[in-house]
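Have a look at the structure below before the remarks.
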Amino acid sequence: MSTQKHFAEKLLQIKALQINLQKPYVWASGWNSPVYCDNRKVLSYPYVRDFVKSELANMVLEQFPDADVIAGVATAGIAHGVMAADLLKLPFIYVRAKPKEHGMGNQIEGVLEKGQKVVVIEDLVSTGKSSLQVVDVLREEGAEVVGMCALFTYGFPVADEAFEKAGVPLYTISNYNALMELAEEIKLVDADQKASLEAWRVSPGTWGK
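In terms of my numbering, the sequence shown opens at residue 2 and continues consecutively.
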């Protein structure tokens, strides 16, 4: 079994990944989603947590060997980023969605020097909008964002286009295609359900409406 499917299986086992076509979840964007992904649950399972830490660290070593700093996306990417940075013995920072409203008003927490090569750690990539906003913040502060690593991506076309346009390579431990292959293999979904799930991935904004 591939690493992608192996991790998707782990996420299903701890119910971090769930599939429900009968009662779709509703995202903040208003999209109906037959798939639910909450990678925060990984933190409650030590063996899965260790797997994620190791995979993220190896990914950074293989894809971005010159990285100077690991940056976590607040809030869900912070814990995963800290674990990877600790294993790699690299400095860690995190980036808020917006500047802090009191104190120093920081949006970036930690020490970042201009010109440093940064790898961003995210827990989940959907449209890519919030993830790439973090990239913009880091670049505005003079960082060289060399890429992003995440636990899971839905692989929406809009996200692929956004990352390509931003010039940010994205690597993930698992992805939607691996989930679909696994779901079919273990008979979690049948052929008709798989077709519906694929239709959602292509056009999530109109699916179920």
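We treat Cβ as the ideally placed atom computed from N, Cα and C, and that holds for glycine.
{"query": "Sequence-distant residues of its chain with Cβ nearer than 6 Å to L12 (five each side left out)", "result": "L18"}
{"query": "Three-state secondary structure (DSSP) of T76", "result": "coil"}
{"query": "Rounded distance between the beta-carbons of S132 and V74, thought under 8 Å", "result": "6 Å"}
{"query": "Straight-line Cα distance separating N176 from V27", "result": "20 Å"}
{"query": "Range covered by the beta strand (DSSP E) that runs through G69", "result": "In the sequence on display, residue 69 carries Asp and not Gly. Premise fails: D69 is in no beta strand (DSSP E) and is neither H nor E."}
{"query": "Coil, strand or helix - S204 by DSSP", "result": "coil"}
{"query": "Separation of P100 from Q194, as counted between CA atoms", "result": "43 Å"}
{"query": "Rounded separation between A160 and V169 - CA only", "result": "11 Å"}
{"query": "Range of the contiguous beta strand (DSSP E) that encloses F153", "result": "E145 to T154"}
{"query": "Residues that Y95 bridges to, as DSSP identifies them", "result": "G73 and E110"}
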